[in-house]
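Following: one structure in structure tokens, then a few remarks.
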Amino acid sequence: MSSKLNILCVGACCFDIVSQVLKYPLEDTDQRCLDQHWQRGGNASNSCTVLGLLGAKPTFFGTIADSHEKRFLLEDFAKFDVNTDYAVIHEGCDSPASCIILSAATGSRTIVHSNKNLPELSVEDFNKIDLSAFQWVHFEGRNVTNITKMIEHIREYNKSHQDGSSITISVEIENAKHELESLIPLPDVLFVSKDYAMFKGYTNKEETVEKIQAQTIPGCLVICPWGEDGASASSSDGQLVHSSAFPPSQVVDTLGAGDTFIAATIFSLASGCTLKDSITFGCRIAGLKVGVIGWEPLR
Ligand code: FRU
């Protein structure tokens with residue numbers, strides 16, 4: 015195995031059409047934006063981009079439509095050194111896509127997403143993967159029934175690889191959806207978004223890690239980024255660690271900031287750094303990202 019960190023990211027890839035505007039538009043008006051570009055998106059896809067930038071060896075594992083956007087998406091993965099050998103291409107589907115508005119006035123990103131007919135990954139797709147190539151598998155929290163089975167499959171694999179070659183499993187729960195709760199007791203490392211925490215009625219990152227920790231397996235690390243308030247994390251011994259945020263002088267693009275935090279934190283944990291150092295690194299890299307448009311300037 016190469017000395018680079020082999021990390022498999024399981025989740026979505028979509029096509030993002032990003033418009034930069036001075037301020038968020040009024041409904042039913044017609045105006046020009048400051049700039050507009052296309053970008054490869056999707057949480058797992060974005061995290062792969064950041065892992066590639068950090069010098070890891072990321073592999074994207076998800077479905078991609080065999081539509082005209084496919085070439086752009088695959089070429090862009092390659093630009094950031096992301097392996098797509100395992101991507102599952104579906105014919106006769108439309109690519110999922112998002113229209114995104116970045117407001118220069120507030121730094122907000124507003125996403126309107128569509129997925130018409132691209133199927134989710136199947137367990138059979140996952141079982142074809144040679145797990146021995148990876149030391150870490152990260153799952154975006156979606157497709158809950160199937161990824162539960164994929165995680166069981168890795169747990170079985172780990173039983174016969176107790177010699178140091180077992181795979182660390184992480185999961186991100188991001189969206190305000192009840193079904194994601196069943197993923198909480200599954201991983202070794204759990205990322206909980208501010209959106210999900212607020213959906214559960216938690217009011218800050220410390221409360222979130224404490225309450226979620228009680229539902230995880232022993233030894234699980236729970237990590238919660240909270241935008242400009244930094245991030246908190248806890249280990250099963252109840253130790254709570256924090257990092258402040260590292261905002262740039264001007265926030266210009268928060269699209270994928272959470273995906274960036276996750277990728278950088280995984281990179282640091284997989285490199286053997288402490289939990290506190292890892293979330294601090296996650297916050298630093300997310301701070302760098304939100305100061306530039308897209309990822310191209312970070313290459
Ligand atoms: C950002 C992102 C975008 C995508 C959207 C899908 O986290 O992955 O790239 O359009 O979320 O919900």
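Those letters in the sequence shown? Residues 15 to 313, by the working numbering.
For glycine and all other residues, C-beta sits at the position ideal for the given N, C-alpha and C.
From residue i to residue j, what does the alpha carbon distance come to, in whole angstroms?
i	j	result
residue 30	residue 132	16 Å
residue 129	residue 114	15 Å
residue 294	residue 305	17 Å
residue 314	residue 134	Because the chain spans 15 through 313 in this model, residue 314 falls outside it and cannot be assessed.
residue 228	residue 269	31 Å
residue 64	residue 278	7 Å
residue 274	residue 202	19 Å
residue 168	residue 145	8 Å
residue 38	residue 117	5 Å
residue 221	residue 105	45 Å
residue 267	residue 35	11 Å
residue 111	residue 126	8 Å
residue 49	residue 310	15 Å
residue 299	residue 312	10 Å
residue 296	residue 142	31 Å
residue 89	residue 108	18 Å
residue 42	residue 136	41 Å
residue 45	residue 120	18 Å
residue 265	residue 253	32 Å
residue 303	residue 199	31 Å
residue 292	residue 282	5 Å
residue 242	residue 174	42 Å
residue 157	residue 165	12 Å
residue 80	residue 60	20 Å
residue 260	residue 219	16 Å
residue 14	residue 92	The question about residue 14 has no answer, for the chain in this structure spans 15 to 313.
residue 171	residue 40	53 Å
residue 153	residue 98	16 Å
residue 84	residue 124	24 Å
residue 15	residue 197	For residue 15, the predicted structure reports a pLDDT of 42, less than 50, and the residue's modelled location is therefore unreliable. A value from the coordinates is still provided. If I take the Cα positions, the gap works out to 30 Å.
residue 217	residue 211	7 Å
residue 215	residue 223	13 Å
residue 213	residue 206	11 Å
residue 240	residue 257	10 Å
Provide the residue(s) that pair with residue i in DSSP beta bridges, ordered along the chain.
i	result
residue 126	113
residue 97	73
residue 79	104
residue 237	205, 247
residue 257	245
residue 150	21, 182
residue 50	33
Residue i lies in the beta strand (DSSP E); which residues open and close that run?
i	result
residue 186	182-187
residue 20	20-24
residue 245	245-248
residue 167	Per DSSP, residue 167 belongs to no beta strand (DSSP E); it is in the alpha helix (DSSP H), 158-173.
residue 272	Note, residue 272: premise wrong, no beta strand (DSSP E); alpha helix (DSSP H) at 271-284.
residue 32	28-35
Quick check: residue i and residue j, are their CB atoms within less than 7 Å of each other?
i	j	result
residue 77	residue 22	no
residue 102	residue 58	no
residue 188	residue 155	yes
residue 250	residue 232	yes
residue 204	residue 238	no
residue 284	residue 19	yes
residue 190	residue 209	yes
residue 193	residue 276	no
residue 47	residue 96	no
residue 69	residue 26	no
residue 53	residue 301	no
residue 100	residue 75	yes
residue 236	residue 289	no
residue 94	residue 66	yes
Between residue i and chain C, is the shortest Cβ-Cβ distance under 7 Å, so that the two count as touching?
i	result
residue 211	Among the chains of the structure shown, chain C does not appear; only one protein chain is present.
Assuming residue i is part of the alpha helix (DSSP H), what are its boundary residues?
i	result
residue 209	208-213
residue 264	Taken as a continuous stretch (DSSP letters only), residue 264 belongs to no alpha helix (DSSP H), as it is neither H nor E.
residue 137	137-141
residue 64	57-68
residue 302	289-304
residue 120	Segment: none, residue 120 is in no alpha helix (DSSP H) and carries neither H nor E.
residue 225	219-227
Looking at the ligand COA, does it come within less than 6 Å of residue i, judged from the CB to the closest heavy atom?
i	result
residue 175	For the structure depicted, the ligand COA is absent and the ligand set comprises only the ligand FRU.
Touching or not, the region 31-49 and the region 151-171, by the rule of three or more beta carbon pairs under 8 Å? no
Three or more C-beta pairs under 8 Å: does that hold for the region 144-156 against the region 173-192? yes
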